[in-house]
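Sequence order for the protein chains is V and U.
For the first sequence, this note's numbering gives the first residue as 65, with consecutive numbering after it.
For the second sequence, this note's numbering gives the first residue as 13, with consecutive numbering after it.
C-beta: ideal position from N, C-alpha, C; glycine also.
Notes follow the structure.
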Amino acid sequence: MTTATENTHTDDHHDDGHHEHHIPPGIKRWLYTTNHKDIGTLYLWFAFIMFLIGGAMAMVIRAELFQPGLQIVDPNFFNQMTTVHGLIMVFGAVMPAFTGLANWLVPMMIGAPDMALPRMNNWSFWILPFAFLILLSSLFMEGGGPAFGWTFYAPLSTTYSNDGTALFVFAVHIMGASSIMGAINVIVTIFNMRAPGMTWMKMPLFVWTWLITAFLLIAVMPVLAGAVTMVLTDKFFGTSFFDAAGGGDPVMFQHIFWFFGHPEVYIMILPAFGIISQIIPTFARKPLFGYASMVYATASIALLSFIVWAHHMFTTGMPVAAELFFMFATMLISVPTGVKVFNWVATMWRGSMTFEVPMLFAIAFIVLFTIGGLSGLMLAIVPVDFQYHDTYFVVAHFHYVLVTGAIFSIMAAVYYWLPKWTGKMFHIGLAKWHFWCSLVSVNVLFFPMHFVGLAGMPRRIPDYALQFADFNKWISIGGFAFGLSQLIFLALLIKACKKQGEPVSAQVWEGAEGLEWEIPSPAPYHSFETPPVVK
Amino acid sequence: MNSPSSQSKNNKMVVKLLAIVVGMFGFGFALVPLYDVLCDALGINGKTSDVAAVYESVEIDESRLITVDFITRSNTGMPWEFRAETRQVKVHPGQLNQVDFYVRNPAKTAIVGQAVPSVSPGPAAIYMNKTECFCFEQQTLQAGEELLMPMQFYVDPQLPEDITYFTVQYTLYNVTASADVVAMN
Numbered sequence: 065m066t067t068a069t070e071n072t073h074t075d076d077h078h079d080d081g082h083h084e085h086h087i088p089p090g091i092k093r094w095l096y097t098t099n100h101k102d103i104g105t106l107y108l109w110f111a112f113i114m115f116l117i118g119g120a121m122a123m124v125i126r127a128e129l130f131q132p133g134l135q136i137v138d139p140n141f142f143n144q145m146t147t148v149h150g151l152i153m154v155f156g157a158v159m160p161a162f163t164g165l166a167n168w169l170v171p172m173m174i175g176a177p178d179m180a181l182p183r184m185n186n187w188s189f190w191i192l193p194f195a196f197l198i199l200l201s202s203l204f205m206e207g208g209g210p211a212f213g214w215t216f217y218a219p220l221s222t223t224y225s226n227d228g229t230a231l232f233v234f235a236v237h238i239m240g241a242s243s244i245m246g247a248i249n250v251i252v253t254i255f256n257m258r259a260p261g262m263t264w265m266k267m268p269l270f271v272w273t274w275l276i277t278a279f280l281l282i283a284v285m286p287v288l289a290g291a292v293t294m295v296l297t298d299k300f301f302g303t304s305f306f307d308a309a310g311g312g313d314p315v316m317f318q319h320i321f322w323f324f325g326h327p328e329v330y331i332m333i334l335p336a337f338g339i340i341s342q343i344i345p346t347f348a349r350k351p352l353f354g355y356a357s358m359v360y361a362t363a364s365i366a367l368l369s370f371i372v373w374a375h376h377m378f379t380t381g382m383p384v385a386a387e388l389f390f391m392f393a394t395m396l397i398s399v400p401t402g403v404k405v406f407n408w409v410a411t412m413w414r415g416s417m418t419f420e421v422p423m424l425f426a427i428a429f430i431v432l433f434t435i436g437g438l439s440g441l442m443l444a445i446v447p448v449d450f451q452y453h454d455t456y457f458v459v460a461h462f463h464y465v466l467v468t469g470a471i472f473s474i475m476a477a478v479y480y481w482l483p484k485w486t487g488k489m490f491h492i493g494l495a496k497w498h499f500w501c502s503l504v505s506v507n508v509l510f511f512p513m514h515f516v517g518l519a520g521m522p523r524r525i526p527d528y529a530l531q532f533a534d535f536n537k538w539i540s541i542g543g544f545a546f547g548l549s550q551l552i553f554l555a556l557l558i559k560a561c562k563k564q565g566e567p568v569s570a571q572v573w574e575g576a577e578g579l580e581w582e583i584p585s586p587a588p589y590h591s592f593e594t595p596p597v598v599k
Numbered sequence: 013m014n015s016p017s018s019q020s021k022n023n024k025m026v027v028k029l030l031a032i033v034v035g036m037f038g039f040g041f042a043l044v045p046l047y048d049v050l051c052d053a054l055g056i057n058g059k060t061s062d063v064a065a066v067y068e069s070v071e072i073d074e075s076r077l078i079t080v081d082f083i084t085r086s087n088t089g090m091p092w093e094f095r096a097e098t099r100q101v102k103v104h105p106g107q108l109n110q111v112d113f114y115v116r117n118p119a120k121t122a123i124v125g126q127a128v129p130s131v132s133p134g135p136a137a138i139y140m141n142k143t144e145c146f147c148f149e150q151q152t153l154q155a156g157e158e159l160l161m162p163m164q165f166y167v168d169p170q171l172p173e174d175i176t177y178f179t180v181q182y183t184l185y186n187v188t189a190s191a192d193v194v195a196m197n
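In structure tokens, the structure reads:
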């Protein structure tokens, strides 16, 4: 892509006086900020803190499953841990991290001075901590927090849940409102604020994938809000959406939930595709292979994501015709996804590759995400899904696509753009330790789950049959190691925020191309106040 | 940074996007009737019609004999004894049959019950026509009271050839709490 600019002298504008902003000191800077870079930083730190909290819950789960029998926590608390771990990682870690990256990068990539709706941007971040405060506080109340799984299937979340369900429902409402506001902001920014010459098909792929993700968000987050509202009224106000006695249907809950839930999994992976499509060309020193096909593949994945939801419910007793339809529609998604994987590989083919830390994470992403994609393809096959359903095979599948997929892409993105944000190169030694420790431990953690799953170990249970003991021990050891590896990342990030390290150039990486690499490092507080002209 | 014209452009777009959000929130709720309509039309979730069928000029298909099983279950929190007096019947399609169901309330208080039928395999559900059924309304049993409840049905002669056997399950729910609310209103 050609993104050469005519002028990049953004620093000059601070002399104008016209644009000079007084930055309030201390906490007020962060509370009142409408600056896309500040808000991006807030989102990213929030996501990282949530990642550590949700990770701590995963440690509780793995400690309990280290050996058969019940030893550390009681089953009800175990269920709360699996539920809240899932909710925090999905809505508190992955989604806010992507929104944070969008805040930092979308304006810089399209040559805009800020997001289109800066005040709404401030709101969409600052309601988020309250949502998770509500959710987490429910853990300390009588009866405990939500224990029905992050999918909150009725009647578990209606008939059999405690009164804390109301807190869960309101927390999800707030998270949804935050995501919707963030998505609207991204769409309006991309539509209205592109620099002259930044045509649709010149936009960096991270911008493209986020644009499509934002449309998915505004289409399905309201459906999730509807689903939790129905759970709320069923539980507290005597409606019968999901209660057979009153004419409702619990299976309908699953249809509504997964109508949101399946597009949701693409919300968590499309921006990852965008990140990898930025990083691979930089370190292969070749333009991205098949740019246009990447855009069309992303759009077709997004459209297909609306017609595959029932593959999560093959065992509910669907008619054969429906099972066949959802099976083939699901398999169809592997075509555009395959296009993407082949394009990344073709980009690396005969490139002058170097293996800086972002590239390491990006290559690990391609390999490990593909494993997760292939196990997804296995799960799509109706007859075998009857065996795999609700086993650890499913857990292995979605952790490969979410941890080594989404999370690895976020880490790749942080390493890739961190020098641009701080102006200093991060500690490369620590970063390499973080990468290799994470890579090894994440596979010790998730790969054996395929085997115990195929052998029939059910998910969401605090105890298991003796024959799964050895594998579970290894899984837990991998889990603890992966958890500890993230503390290396924390140490590295703290060093980076203290601005330790070698100063970097504006371009940072030798092969990096795009508008964000043409403004100085660290990126000034206000960039592109005069739009660049993209040739 | 933002000129007035770009402000109004942004605002217009926000309004449009918010309209999508509101529309999709509504769509979530529209899925409820949509789901019922689809299930009714395709007969795919084992639900039978909740209105009485009329038994009029139905041709009896003597060539086929369909086995129909009856299973009963009291849901959690429902203490009633509940059973079908006949566990299995063999019927010709089109032939009118009656099966009686026995209920007794062993509790010390009056309880309101609602039975919900479900047919398996699901595709048979729309051919299960009931001309009279206790499941069309709620029952109130005083403490210790017992009752024999009739259910009349015929199997639609249109029933596909490959279905020769199906099961009707009645689940009895305790709806005293919500029935009180209705009574108070």
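CA-CA distance, residue i and residue j?
{"i": "F532 (chain V)", "j": "M521 (chain V)", "result": "7 Å"}
{"i": "G38 (chain U)", "j": "K59 (chain U)", "result": "25 Å"}
{"i": "E68 (chain U)", "j": "V124 (chain U)", "result": "33 Å"}
{"i": "A363 (chain V)", "j": "P526 (chain V)", "result": "40 Å"}
{"i": "S243 (chain V)", "j": "R414 (chain V)", "result": "40 Å"}
{"i": "Q170 (chain U)", "j": "A241 (chain V)", "result": "50 Å"}
{"i": "W214 (chain V)", "j": "F148 (chain U)", "result": "36 Å"}
{"i": "P351 (chain V)", "j": "P172 (chain U)", "result": "60 Å"}
{"i": "F441 (chain V)", "j": "L396 (chain V)", "result": "Reading off the sequence, residue 441 (chain V) comes out as Leu, not Phe. Answer to the nearest angstrom: the Cα atoms are 10 Å apart."}
{"i": "V271 (chain V)", "j": "A361 (chain V)", "result": "14 Å"}
{"i": "K28 (chain U)", "j": "A235 (chain V)", "result": "26 Å"}
{"i": "N143 (chain V)", "j": "A127 (chain V)", "result": "14 Å"}
{"i": "R523 (chain V)", "j": "K101 (chain V)", "result": "40 Å"}
{"i": "N5 (chain U)", "j": "E93 (chain U)", "result": "Residue 5 (chain U) lies beyond the range of chain U shown here (13 to 197); nothing can be said about it."}
Given a threshold of 16 other Cβ atoms within 10 Å of its Cβ, counted over all protein chains shown, does residue i qualify as buried or as exposed?
{"i": "V284 (chain V)", "result": "buried"}
{"i": "A100 (chain U)", "result": "In the sequence as presented, Ala is not what sits at residue 100 (chain U); that position holds Gln. It counts as exposed."}
{"i": "I78 (chain U)", "result": "buried"}
{"i": "E74 (chain U)", "result": "exposed"}
{"i": "H86 (chain V)", "result": "exposed"}
{"i": "D298 (chain V)", "result": "buried"}
Can the beta-carbon of residue i be found less than 7 Å from the beta-carbon of residue j?
{"i": "Y464 (chain V)", "j": "G436 (chain V)", "result": "yes"}
{"i": "I174 (chain V)", "j": "M145 (chain V)", "result": "no"}
{"i": "G150 (chain V)", "j": "G104 (chain V)", "result": "no"}
{"i": "F429 (chain V)", "j": "S398 (chain V)", "result": "no"}
{"i": "I344 (chain V)", "j": "T411 (chain V)", "result": "yes"}
{"i": "E7 (chain U)", "j": "G106 (chain U)", "result": "The question about residue 7 (chain U) has no answer here: the residues shown for chain U are numbered 13 through 197."}
{"i": "G575 (chain V)", "j": "M489 (chain V)", "result": "no"}
{"i": "M159 (chain V)", "j": "G118 (chain V)", "result": "no"}
{"i": "L220 (chain V)", "j": "F232 (chain V)", "result": "no"}
{"i": "F323 (chain V)", "j": "P314 (chain V)", "result": "no"}
{"i": "L160 (chain U)", "j": "D81 (chain U)", "result": "no"}
{"i": "A366 (chain V)", "j": "L280 (chain V)", "result": "yes"}
{"i": "F194 (chain V)", "j": "Y107 (chain V)", "result": "no"}
{"i": "S591 (chain V)", "j": "A570 (chain V)", "result": "no"}
{"i": "M90 (chain U)", "j": "L153 (chain U)", "result": "no"}
{"i": "P636 (chain V)", "j": "V409 (chain V)", "result": "Within the shown structure, residues of chain V are numbered from 65 to 599, placing residue 636 (chain V) beyond reach of any answer."}
{"i": "T253 (chain V)", "j": "P210 (chain V)", "result": "no"}
{"i": "A470 (chain V)", "j": "I333 (chain V)", "result": "yes"}
{"i": "F553 (chain V)", "j": "H514 (chain V)", "result": "no"}
Answer with yes or no whether the minimum CB distance from residue i to chain V is below 7 Å.
{"i": "L171 (chain U)", "result": "no"}
{"i": "K21 (chain U)", "result": "yes"}
{"i": "S17 (chain U)", "result": "no"}
{"i": "Y177 (chain U)", "result": "no"}
{"i": "M36 (chain U)", "result": "yes"}
{"i": "S190 (chain U)", "result": "yes"}
{"i": "F41 (chain U)", "result": "yes"}
{"i": "Y185 (chain U)", "result": "yes"}
{"i": "Q126 (chain U)", "result": "yes"}
So that I know if they touch, is there some Cβ in chain U lying closer than 7 Å to that of residue i?
{"i": "I320 (chain V)", "result": "yes"}
Check the Cβ of residue i against every Cβ in chain V and list those closer than 7 Å, keeping chain order.
{"i": "L29 (chain U)", "result": "I248, I251 and I282"}
Run through chain V and tell me which residues come within less than 9 Å of residue i, C-beta to C-beta.
{"i": "M25 (chain U)", "result": "A180, I248, I251, V252, F255 and N256"}
Against residue i, what residues of chain U qualify as contacts under a CB-to-CB distance less than 7 Å, listed in chain order?
{"i": "I244 (chain V)", "result": "V33"}
{"i": "V287 (chain V)", "result": "M36, F39 and G40"}
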